[in-house]
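Residue -10 is where the sequence shown starts when you use our numbering, and the numbers rise one by one after that.
Here's the structure, in structure tokens; my notes come after.
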Amino acid sequence: MYPRVIAHRCGGTLAVENSLAGLAAAARLGCRGVEFDVMLSADGVPVLMHDDTVDRTTDGTGAVRRLTLAQLRALRVGDEPVPLLSEVLRRCAELGLWANIELKTVAGGDDAELGSTIGQMLAREWNGHGVISSFSMAALLAAQSQASRHACALLFEALPGDWRELVGATGAIGVHLEAVRFDPGDGAALRAAGLAVACYTVNDRARAMALHAAGVAAVFTDRPDLFAADEM
Ligand code: G3P
Ligand code: MG
């Protein structure tokens, strides 16, 4: 069951993106769900990061996939080191947050390795309260090929024509779509197939309400502060 409002990149604009501070800020505000992006360090450890490089969101420079965990942990994301997926999973459990774990592929990276590494970690360390998603089918399929499968969602900018096959291949329970391209007819077809629809990224309260009224289960937002706790 999706929360109606999902804080994007941990806490949206409440804190630095993809940070433990963002999780805490989202929880303080009354958010029930958060989304964050996960990729691998050079030595294969899942960390929270959105861009291929650390340049925009940390005090360092360079491609994430070329930096070891030790190098990433020496960088600052706001007031904290680059978060590990394992510590974020723990904090989500402590705060009771539903989590959308987005497997984020990088240029030149190995999507299947990303999926299998994260899938294995989730099998050991996640309470399963949420869904995994990815723009990459290879990453999702690799994650789902692990011993323990997780609730998963397909992530697209616009819905492709072969979505039914992709849902069948992955066992997806939801489809996440870009809000500006959302087509209500697609939404109805997805819901009729028993799938939850979620739209990113909606930073306008009226637009979020209109999407909910059109049957969209959840919106990802950078502005969870626009919603009352009982609307989330
Ligand atoms: O998972 C929804 C949304 O986060 C996808 O876009 O670029 O913000 O990761 P992006
Ligand atoms: Mg994301």
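By construction, the Cβ of each residue, glycine as well, lies at the ideal position given by its N, Cα and C atoms.
Residue i classed as buried or exposed, judged by whether at least 16 other C-beta atoms fall within 10 angstroms
i: V169; result: exposed
i: E91; result: buried
i: D32; result: exposed
i: D151; result: exposed
i: M(-10); result: exposed
i: A88; result: buried
i: T47; result: buried
i: A4; result: buried
i: T(-8); result: Thr is not the amino acid found at residue -8; the sequence shown has Pro there. Burial call: buried.
i: A185; result: buried
i: A128; result: buried
Residue i to residue j span [Cα, whole Å]
i: A15; j: P213; result: 7 Å
i: D172; j: C141; result: 22 Å
i: G67; j: G22; result: 22 Å
i: L37; j: E24; result: 11 Å
i: A197; j: V208; result: 7 Å
i: C81; j: R153; result: 31 Å
i: L73; j: P35; result: 6 Å
i: R62; j: A202; result: 43 Å
i: A110; j: D219; result: First, the residue type needs correcting, since residue 110 is Met and not Ala in the sequence shown. Distance between the alpha carbons of M110 and D219: 33 Å.
i: G157; j: D175; result: 17 Å
i: R180; j: L148; result: 13 Å
Cutoff 7 Å; reference residue i; Cβ partners in own chain excluding five residues on either side
i: V95; result: M28, D41, V53, R54
i: G98; result: R54
i: C(-1); result: E6, N7, S8, G11, L12, A15, V23, F25
CA nearest to the CA of residue i, picked from the options
i: A59; options: T50, L166, S30; result: S30
i: R194; options: V186, A182, D211; result: D211
i: I121; options: A136, E146, G104; result: G104
i: R306; options: V43, I107, G174, N116; result: The chain is shown only over -10 to 221; residue 306 falls outside these bounds and no answer can be derived.
i: A182; options: Y189, L155, V77; result: L155
i: R45; options: G22, A88, E6; result: E6
i: R17; options: Q135, F145, G160, L84; result: L84
i: S134; options: A178, A147, F216, G160; result: G160
i: R138; options: A112, S125, D48; result: A112
i: G144; options: R65, P72, H165, R180; result: Inspection of the sequence shows that residue 144 is occupied by Leu rather than by Gly. The shortest C-alpha separation from L144 is found at H165.
i: G119; options: L148, I162, A136, A127; result: I162
i: S125; options: V205, A136, E146, H(-3); result: E146
i: A177; options: G51, P(-8), V205; result: V205
i: E76; options: V(-6), V43, E114, H39; result: E114
Residue i CB to nearest heavy atom of the ligand MG below 8 Å
i: R(-2); result: yes
i: D26; result: yes
i: E167; result: no
i: E91; result: yes
Residue i CB to nearest heavy atom of the ligand G3P below 8 Å
i: S122; result: yes
i: Y189; result: yes
i: F171; result: no
i: L37; result: no
i: F209; result: yes
i: L86; result: no
i: L144; result: yes
Cβ of residue i within 9 Å of any chain D Cβ
i: A195; result: Protein chain content of the structure displayed is limited to a single chain, and chain D is not contained in it.
Contact set for residue i: own chain, Cβ-Cβ below 8 Å, skip 5 residues either direction
i: A131; result: D100, A101, E102, L103, G104, S105, G108
i: T57; result: S30, A31, D32
i: L200; result: A168, F171, C188, V191, V208
heavy atom of the ligand HEM below 8 Å from residue i C-beta
i: E102; result: Among the ligands in the structure shown, the ligand HEM does not appear; only the ligand G3P and the ligand MG can be found there.
Cut-off 6 Å between Cβ atoms - residues of its own chain near residue i, not counting five sequence neighbours on either side
i: P70; result: R62
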